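Number of protein chains: 2
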Amino acid sequence: MSYTYEYPRPALTVDCVVFGLDDDDLKVLLIRRGVEPFAGRWALPGGFVRMEESLDDAARRELEEESGIRPSHLEQLYTFGTPGRDPRGRVVTVAYFALVKLSDHVPHAATDAREAAWFSVWDTPKLAFDHADVLGTALQRLKGKVRYQPIGFELLPPKFTLTQLQRLYEVVLERELDKRNFRKKILAMDLLEELDEVEQDVSHRAARLYRFDHKKYKQLEKAGFNFEL
Amino acid sequence: MSYTYEYPRPALTVDCVVFGLDDDDLKVLLIRRGVEPFAGRWALPGGFVRMEESLDDAARRELEEESGIRPSHLEQLYTFGTPGRDPRGRVVTVAYFALVKLSDHVPHAATDAREAAWFSVWDTPKLAFDHADVLGTALQRLKGKVRYQPIGFELLPPKFTLTQLQRLYEVVLERELDKRNFRKKILAMDLLEELDEVEQDVSHRAARLYRFDHKKYKQLEKAGFNFEL
DNA sequence: GACCCGGGTGTGTTCCGGACACTATGCGAG
DNA sequence: CTCGCATAGTGTCCGGAACACACCCGGGTC
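For the protein sequence lines, the chains are B and Y, in the order given. In this note's numbering, each residue carries its 1-based index in the first sequence increased by 166. In this note's numbering, each residue carries its 1-based index in the second sequence increased by 166.
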C-alpha cells in the first residue's frame, strides 16, 4: 500500500517531554532508540501521527504505547520543523509537554520491549535529533507556567505536605523561597484542603497533609481569579 | 510530477494572525478566499509549507506573498490539527502570530490579486476553516504576552506619546489603567528615549514623543532584567 | 480672553510582598 | 527518662507599588 500526492509533504510526528518529580529532583522520561537513525541513543517518546487522530490523541497514544503512562496534564508545547532536523528527510514534529505523578508510575519502569527510564533534567545523556532543544523549551515553559497556573500539583501525590510543595517550586524555579511567605501566600488562595492526616514514617515531627481542591479552583477561575505563585 | 509515500501524510500549512493598531482599535489582517473551499469567505493569510523552508520562513513568505507585509514581530502560536478542520482532507496548520506598525502598511491595502483588509478583532466577518479559533488563541497570547515582554511597541509608530502607549495596553488588556502609575512604571524602566519633539496637529496641548530603545532593552535583558506591565 | 480639551505632575492612603528568627513537636539513641 | 536532633509551624515590620484625587499647563476654538 502506498500514498501519492501532487506535492511533496513533510512527515508529521509528535514527541512528548514528560516531567516527574522525585523528592527534590526533576526528572524527564526518555526512551532508548532501537533503530536507526540514532540507534542506541536516548530520545523523547513519540512517533508518527495517524490520519484519523488529533494531535493531542497522537501524543497520548504514543506515550501510552512507549511507556504505559497516562499523564495528568498534557499540553502542546511547540512545533519544530527546521529542514535537516531528521536525517531521514523532512520531518516536522509537534512537541508536547506532560506532567505525571511519579508515585503512579514505578520509576525506571521498562513497560514495553523498549527501554524507558527517568533522568534528572540537569543531567541527561546526549539526546537524538534536536531533542535537547525540545527539552530546553519544555523546561522554560514549565518554569514560566508553574507561577501563574496551578499545574505543579500534577507532579505531586494527591496528598502532600507544604514543604513538598515548596520544594517543587524551588526545584522548578531554581531558587530558594521563604517558608513563611510561601505558606502565607499559598494558604491565602484557599485552594488547599487541610486534611486530618500527617505524613508517616518520618523520624521527626510529622507534617500535616493537604490536598489541592480542583473544583474550587475551577470556580474561582471562572470568577476571574488568577493563580500566581 | 507526484510524490509517493509508504504511509499517508497530512498536508502541512502555516497561517498568520497579523495584528495592527489603529488609534484605539485592534485590527487583524484578513484575506478574501478566491477558491473553494470557503470561496468568498474571509480567512487568515497562509498556505502550504515547502519542503526546503523552515516553518518560520514559510510564514514570512506567505505573508509577503499575500499581503506584502513584513512584520516586525513574528512568533509561532499553536498547531491546529483536528481531523476534519479542512474539508479537503487532513490538513495540519502551524499558526503564527505577528505584529506590524499600521503606519508602515497602508490600511485596506489590496496588494495582490487577492483582496486583503484590516478588521477590528472585536467585529470580524465569519471566518473560513477554524480560523476563528486561531484568532481567539492569538488574542489570548497577545494579552498574556504584552505584559511581560515589550512587544507592544511593534504595534506603534517609531515615535509615540505615552498616552498612545497606555491606550495600546488598555485596548489589548481590555481594562483601564491608572495614568499616573502607568507613566511612573514605564518611565522607571528607563527603556524609553525622551525626544525633543511633540505631536503635531492636535487641538490641545501637544504631548511629548518617545522612542523605544531596543538596544538598551537587549542589554538589560541579558543582565536578568524582566519587563513587566 | 474665556473656556475646553487633553497633557502632565504632586500627594496622601492603603495594600501587598519581602525580609526576617524563634518556639513546638515527635522520634530515636543512650 | 532525658536529651538531642530534625523538621514543622508561626507573626511583625518596613518600603515600595497601587490607587484616588486634585491641580496646573499649553494650545486651540469661538
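Virtual Cβ for every residue (Gly too), placed ideally from N, Cα, C. On a predicted model such as this, the values are computed, not experimentally measured, just so you know.
Does residue i get closer than 8 Å to chain B when you measure Cβ to Cβ?
| i | result |
| --- | --- |
| Q385 (chain Y) | no |
| F185 (chain Y) | no |
| G247 (chain Y) | yes |
| H274 (chain Y) | Note on H274 (chain Y): pLDDT 47, under 50, position unreliable in the model; no value is reported. |
| Q242 (chain Y) | yes |
| E218 (chain Y) | yes |
| V368 (chain Y) | no |
| L221 (chain Y) | yes |
| R256 (chain Y) | yes |
| V338 (chain Y) | no |
| V312 (chain Y) | no |
| S168 (chain Y) | yes |
| V260 (chain Y) | yes |
Is the CB of residue i under 8 Å away from at least one CB in chain Y?
| i | result |
| --- | --- |
| R175 (chain B) | yes |
| L178 (chain B) | yes |
| R227 (chain B) | no |
| R236 (chain B) | no |
| R377 (chain B) | no |
| Y171 (chain B) | yes |
| M355 (chain B) | no |
| F214 (chain B) | yes |
| L308 (chain B) | no |
| V300 (chain B) | no |
| F393 (chain B) | no |
Looking at the secondary structure, which residues open and close the alpha helix (DSSP H) in which residue i lies?
| i | result |
| --- | --- |
| K350 (chain Y) | 345 to 354 |
| V287 (chain B) | Run containing V287 (chain B): none; DSSP gives neither H nor E here. |
| E360 (chain B) | It is not in any alpha helix (DSSP H) - E360 (chain B) instead sits in the beta strand (DSSP E) that spans 358 to 364. |
| Q330 (chain Y) | 328 to 339 |
Would you kindly report the start and end of the unbroken beta strand (DSSP E) that includes residue i?
| i | result |
| --- | --- |
| G193 (chain B) | Here residue 193 (chain B) turns out to be Lys, not Gly, going by the sequence shown. Unbroken beta strand (DSSP E) run through K193 (chain B): 191 to 198. |
| L308 (chain B) | First-last for L308 (chain B): 297 to 311, but that is the alpha helix (DSSP H), not the beta strand (DSSP E). |
| T170 (chain B) | 169 to 171 |
| L321 (chain B) | L321 (chain B) -> no beta strand (DSSP E), and no H or E assigned at all. |
| R175 (chain Y) | Where R175 (chain Y) is concerned, there is no enclosing beta strand (DSSP E), given that its DSSP letter is neither H nor E. |
| R280 (chain Y) | Per DSSP, R280 (chain Y) belongs to no beta strand (DSSP E) and is neither H nor E. |
| L375 (chain Y) | 374 to 378 |
Round the Cβ separation of residue i and residue j to the nearest angstrom and send it over; I've been treating them as touching at under 8 Å.
| i | j | result |
| --- | --- | --- |
| E241 (chain Y) | Y314 (chain Y) | At roughly 14 Å, the Cβ-Cβ gap does not stay under 8 Å, so E241 (chain Y) and Y314 (chain Y) are not in contact. |
| L178 (chain B) | V258 (chain B) | 6 Å |
| R377 (chain Y) | K325 (chain Y) | 6 Å |
| I197 (chain B) | A282 (chain B) | 5 Å |
| L358 (chain Y) | E365 (chain Y) | So it is not a contact: roughly 15 Å between Cβ atoms. |
| I317 (chain B) | H239 (chain B) | 6 Å |
| L334 (chain Y) | L321 (chain Y) | 6 Å |
| A261 (chain B) | F285 (chain B) | 17 Å between Cβ atoms; not a contact. |
| V287 (chain Y) | A225 (chain Y) | With 8 Å as the limit, V287 (chain Y) and A225 (chain Y) do not qualify as a contact, their Cβ atoms being about 19 Å apart. |
| S269 (chain B) | P323 (chain B) | 4 Å |
Next on the checklist: For the segment 248 to 256 of chain Y against the segment 287 to 307 of chain Y, do three or more pairs of beta-carbon atoms, one drawn from each stretch, fall closer than 8 Å, so that the two count as touching?
Outcome noted: yes
Checklist entry - Are at least three pairs of beta-carbons, each pair with one atom in the segment 380 to 395 of chain B and one in the segment 178 to 191 of chain Y, less than 8 Å apart? => result no
Next on the checklist: Quick check on the DSSP output: what are the complete alpha helix (DSSP H) runs of length 4 or more inside the segment 202 to 264 of chain B, in order along the chain?
Outcome noted: 221 to 233
Checklist entry - Three or more C-beta pairs closer than 8 Å, one from the segment 224 to 233 of chain B and one from the segment 195 to 215 of chain B: is that the case here? => result yes
Next on the checklist: Taking contact to mean 3 or more Cβ pairs, one atom from each stretch, closer than 8 Å, check whether the segment 296 to 312 of chain B and the segment 330 to 341 of chain B are in contact.
Outcome noted: yes
Item to check | the segment 260 to 268 of chain Y contacting the segment 201 to 209 of chain Y, beta-carbon criterion three pairs below 8 Å | outcome: no
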